[in-house]
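Colleague:
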Amino acid sequence: MEVLRSQRKTAESNDVVSSLPLYRSAPALEVRLEDFELYAIDRLRVLKGISDGLSRGKKPDEMEKLVDNLWRLHMRHPHSSEDRNKDIISHFVLRLVYCRTEELRRWFLSTETSLFRYRFRLQTIESQRTLMSEFNLPYKTVSNSEFENVKEKINQVARSIGQSPSSADSIFYKVPFEEVPDLVASRRVYILKGQAYVAMSQLVSLVVTQFRTLLSKALVLTNRKWTSMIREQEKDRLTPLVESLSSSYLGPDYSQPSDFAEISLKDIDQVAQSSFPLCMRHLFEKLREDHHLKHGGRMQLGLFLKGVGLKLDDALAFWKAEFSRKVGAERFDKEYAYGIRHNYGKEGKRTDYTPYSCQKIISSVPSVGDHHGCPYRHFSEENLRAALGRMGVSNRALEDVIDRVRNKHYQLACTLTFEAVHNTSCDAGINHPNQYFSDSKRILESKNPSNPA
1 MEVLRSQRKT
11 AESNDVVSSL
21 PLYRSAPALE
31 VRLEDFELYA
41 IDRLRVLKGI
51 SDGLSRGKKP
61 DEMEKLVDNL
71 WRLHMRHPHS
81 SEDRNKDIIS
91 HFVLRLVYCR
101 TEELRRWFLS
111 TETSLFRYRF
121 RLQTIESQRT
131 LMSEFNLPYK
141 TVSNSEFENV
151 KEKINQVARS
161 IGQSPSSADS
171 IFYKVPFEEV
181 PDLVASRRVY
191 ILKGQAYVAM
201 SQLVSLVVTQ
211 FRTLLSKALV
221 LTNRKWTSMI
231 REQEKDRLTP
241 LVESLSSSYL
251 GPDYSQPSDF
261 AEISLKDIDQ
271 VAQSSFPLCM
281 RHLFEKLRED
291 HHLKHGGRMQ
301 LGLFLKGVGL
311 KLDDALAFWK
321 AEFSRKVGAE
331 RFDKEYAYGI
341 RHNYGKEGKR
351 TDYTPYSCQK
361 IISSVPSVGD
371 HHGCPYRHFS
381 EENLRAALGR
391 MGVSNRALED
401 VIDRVRNKHY
411 QLACTLTFEA
421 VHNTSCDAGI
431 NHPNQYFSDS
441 KRILESKNPS
451 NPA
């Protein structure tokens, strides 16, 4: 797959049989640099939606509908003839993005396999059989005579899981039991002499296992190519893009306040208590307590406050009031005021800096004495419980939050915190601290419009 700066890509897909690719090798396509990034971002939206749905415990039929909706929303090309190319290109771009560390590989393997699972389930029977043949699986259908010998046992399994008994024209495959571990674990197949009798409707388990194995090996090989050759060769063009995509924020722009245009200094303490997410509330409290924050904390909290509507003059007054108690007013003006003006685009390159997203905050690694980063990731369980208790999270909700943290679903943990504090659902999930703030303000003001939070 070759990436070009401006030439439109062309595609040859005559060798493709199934509508669901297996992504065995990178395609011989020419890809515009703009499409390289945009296609990857669109697929990433799908994968993150799947990850969120799974972490929320959605049922298989709910996940199937979610995947179908996500795919239609993000992966359709304006020219339908390009849909398949977008699918294939976006997969290989993200394979390159997520091959780089064990943690990234594990997430991509899990979510991409889930995407394949539900897309397979949405295929026609003919397409499913085509995919079976593409895998060159050595399994043959069970003959009618053999089926009659095990029919009653198979039907006992079917009845135990609430399915209708199999009919004489049902198609079954005989497969080594270790190749369908999810079916065995959930007792959804009959096993005899180490062989599992897998119904046509259960083929997804068999195919997904094969797909996962192929993708797992491919990610390791891609990582070797990336570290030994691609990263250095593309250091001036693709490497910065590849290295940034895994932490890309895909939501609305919070560089400027919109719904709630301004917060005042006199209300900031009250607003911090009612509408700041835990990461910003912790920084705010530490600033009030220590009258100082290191650079990472100043950036994380300062850009958040800018995004929620704290004007530059008020920001300078706010930070100076705190820091002066620790370092003195003169040193503040000399060493710290420039950085605040810089964040607002008034110094240096005049860049209007954007508040940090959840993904950026989660990926940061604070050192000793730092207070930035994501509390759900970096706090001890004891400290996290105490902090959530101060926010008013009840015991039952708190256990749900802690459970998500243990499973490393940090954004979902924040979402559950938001739901517990505001006694409402947040189906979209929390993806940005400034989203947390604006959604909180909206909810609180709708409950009590005469007394804004």
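Numbering of the sequence shown is given in full-length UniProt numbering, commencing with residue 1 and proceeding in unit increments. Backbone N, C-alpha and C fix where the C-beta goes; we use that ideal spot for every residue, glycine too. As the structure is a computational prediction, the values presented were derived from the model and not from experiment.
(1) On the CB-based measure, 16 or more other CB atoms within 10 Å of its CB, does arginine 427 come out buried or exposed?
(2) Using the C-alpha atoms, what's the distance from glycine 392 back to glutamate 419?
(3) Under 7 Å Cβ to Cβ from glutamate 179, same chain only, skipping five residues before and after it: list those, please.
(4) Can you check DSSP and say which residues form a bridge with proline 27?
(5) If I follow the unbroken alpha helix (DSSP H) through tyrosine 98, where does it start and stop?
(6) Would you report the Cα separation of arginine 119 and aspartate 439, rounded to the nearest angstrom?
(7) Would the beta-carbon of glycine 302 fall within 8 Å of that of alanine 315?
(8) Are glutamate 64 and arginine 121 closer than 8 Å when you measure CB to CB?
(9) Classify glutamate 112: buried if its beta carbon has 16 or more other beta carbons within 10 angstroms, exposed otherwise.
(10) With a threshold of 7 Å on Cβ separation, who are the neighbours of isoleucine 443 within its own chain once the five nearest residues in sequence on each side are excluded?
(11) Note down, one range per segment and in chain order, each beta strand (DSSP E) of at least 3 residues found wholly within the segment 105-191.
(12) Just list the residues that DSSP pairs valine 198 with in beta bridges.
(13) Using a 10 Å radius around the Cβ and a threshold of 16 neighbouring Cβ atoms, would you call serine 264 buried or exposed?
(14) Mind checking leucine 73: buried by the 16 CB within 10 Å criterion, or exposed?
(15) Could you give the C-beta distance for isoleucine 154 and tyrosine 190, rounded to a whole number, given that I count them as a contact under 8 Å?
(16) Answer with buried or exposed for alanine 196, where buried requires no fewer than 16 other C-beta atoms within 10 angstroms of its C-beta.
(17) I believe serine 247 touches lysine 360 by the beta-carbon criterion, under 8 Å. Please report the beta-carbon distance rounded to the nearest angstrom.
(18) Nearest by alpha-carbon distance to leucine 287: which of Trp319, Ser275 and Ala397 is it?
(19) In or out: tyrosine 338 buried (at least 16 other Cβ within 10 Å) or exposed?
(20) Can you list, in chain order, the residues of its chain whose CB lies under 7 Å from that of aspartate 370, leaving out five sequence neighbours each side?
(21) Excluding five sequence neighbours on each side, which residues of the same chain lie with their C-beta closer than 6 Å to the C-beta of serine 357?
(22) Rounded C-beta distance between proline 176 and glycine 194? I'm assuming under 8 Å.
(23) Would you verify that the beta carbon of proline 366 is, or is not, closer than 8 Å to some beta carbon of chain C?
(24) Ends of the alpha helix (DSSP H) at tryptophan 319?
(25) May I ask you to report which of helix, strand or coil DSSP gives tyrosine 336?
(26) Alpha helix (DSSP H) containing glycine 302: first to last residue?
(27) Kindly indicate which three-state DSSP category methionine 75 falls into: helix, strand or coil?
(28) Is the distance from the Cβ of tyrosine 139 to the Cβ of isoleucine 88 below 8 Å?
(29) Among Ser51, Asp42 and Ala158, which has the Cα closest to the Cα of asparagine 407?
(30) Taking the CB atoms as reference points, tell me whether serine 216 and leucine 109 lie closer together than 8 Å.
(31) In angstroms, rounded to a whole number, what distance separates the CA positions of phenylalanine 260 and glycine 429?
(32) Where does aspartate 313 land, buried or exposed, given buried means 16+ other C-beta within 10 angstroms?
Modeller: In terms of the structure at hand:
(1) The residue you call residue 427 lines up with position 427 of the sequence shown. With the sequence shown as reference, residue 427 is identified as aspartate, and arginine is not the correct amino acid for it. Aspartate 427 comes out exposed.
(2) Your numbering for residue 419 matches position 419 in the sequence shown. Your numbering for residue 392 matches position 392 in the sequence shown. About 11 Å.
(3) For this step, residue 179 is matched to residue 179 along the sequence shown. Excluding residues within five positions, the ones whose Cβ falls inside 7 Å are Leu206 and Thr209.
(4) Looking up residue 27 in the sequence shown gives position 27. For proline 27, which the question treats as bridged, DSSP gives no partner whatsoever.
(5) Locating residue 98 in the sequence shown gives position 98, where the first residue counts as 1. First-last of the alpha helix (DSSP H) with tyrosine 98: 83-98.
(6) Taking the first residue of the sequence shown as position 1, residue 119 is located at position 119. Taking the first residue of the sequence shown as position 1, residue 439 is located at position 439. Computed Cα separation, rounded: 33 Å.
(7) Position 302 of the sequence shown holds residue 302. Position 315 of the sequence shown holds residue 315. In contact: glycine 302 and alanine 315 (Cβ atoms closer than 8 Å).
(8) Here residue 64 is taken as the residue at index 64 of the sequence shown, counted from 1. Here residue 121 is taken as the residue at index 121 of the sequence shown, counted from 1. A contact, by the Cβ cut-off of 8 Å.
(9) Taking the first residue of the sequence shown as 1, we reach residue 112 at position 112. Glutamate 112 is buried by the Cβ-count criterion.
(10) Within the sequence shown, numbered from 1, the residue matching residue 443 stands at position 443. Here the set comprises His422 and Thr424.
(11) 172-176
(12) The residue you call residue 198 lines up with position 198 of the sequence shown. The partner list for valine 198 (beta bridge, DSSP) reads Tyr173.
(13) The count along the sequence shown starts at 1 and reaches residue 264 at position 264. Classification of serine 264: exposed, given that the 10 Å Cβ count is below 16.
(14) On the sequence shown, residue 73 is found 73 positions in, with the first residue counted as 1. Classification of leucine 73: exposed, given that the 10 Å Cβ count is below 16.
(15) Locating residue 154 in the sequence shown gives position 154, where the first residue counts as 1. Locating residue 190 in the sequence shown gives position 190, where the first residue counts as 1. That pair is a contact at about 5 Å.
(16) Mapped onto the sequence shown, residue 196 falls at position 196. Looking at its Cβ environment, which holds 16 or more other Cβ atoms inside 10 Å, alanine 196 is buried.
(17) In the sequence shown, counting from the first residue as 1, residue 247 sits at position 247. In the sequence shown, counting from the first residue as 1, residue 360 sits at position 360. Sure, about 6 Å apart at Cβ, within 8 Å.
(18) Counted from its first residue, the sequence shown places residue 287 at position 287. Nearest of Trp319, Ser275 and Ala397 to leucine 287, Cα basis: Trp319.
(19) Within the sequence shown, the letter at position 338 stands for residue 338. Exposed.
(20) Residue numbering aside, residue 370 sits at position 370 when the sequence shown is read from its first letter. Only Lys294, Gly296 and Gly297 meet the Cβ criterion.
(21) Within the sequence shown, numbered from 1, the residue matching residue 357 stands at position 357. Hits under 6 Å: Tyr249 and His432.
(22) For this step, residue 176 is matched to residue 176 along the sequence shown. For this step, residue 194 is matched to residue 194 along the sequence shown. Their Cβ separation, rounded to whole angstroms, is 6 Å, which keeps proline 176 and glycine 194 in contact under 8 Å.
(23) In the displayed structure, chain C is absent; only one protein chain is listed.
(24) In the sequence shown, counting from the first residue as 1, residue 319 sits at position 319. Segment 312-327, the alpha helix (DSSP H) holding tryptophan 319.
(25) For the purposes of this step, residue 336 is identified with residue 336 of the sequence shown, where counting begins at 1. If DSSP states are grouped into helix, strand and coil, tyrosine 336 belongs with coil.
(26) For the purposes of this step, residue 302 is identified with residue 302 of the sequence shown, where counting begins at 1. Looking at the DSSP string, the run of the alpha helix (DSSP H) that includes glycine 302 is 295-307.
(27) Within the sequence shown, the letter at position 75 stands for residue 75. The answer is coil: DSSP assigns methionine 75 none of H, G, I, E or B.
(28) Indexing the sequence shown from 1 puts residue 139 at position 139. Indexing the sequence shown from 1 puts residue 88 at position 88. No, they are not a contact pair.
(29) Walking along the sequence shown from the start, residue 407 turns up at place 407. When each option's Cα is compared against that of asparagine 407, the closest is Ser51.
(30) Within the sequence shown, the letter at position 216 stands for residue 216. Within the sequence shown, the letter at position 109 stands for residue 109. Contact: yes.
(31) Start at 1 with the first residue of the sequence shown, and residue 260 comes out as number 260. Start at 1 with the first residue of the sequence shown, and residue 429 comes out as number 429. Reliability of the predicted coordinates at phenylalanine 260 is poor, the pLDDT of 49 falling under 50, and the value obtained from them is presented with this limitation in mind. Between phenylalanine 260 and glycine 429, the C-alpha separation is close to 20 Å.
(32) Sequence index remark: in the sequence shown, residue 313 carries index 313 (1-based). With fewer than 16 Cβ atoms within 10 Å of its Cβ, aspartate 313 is classed as exposed.
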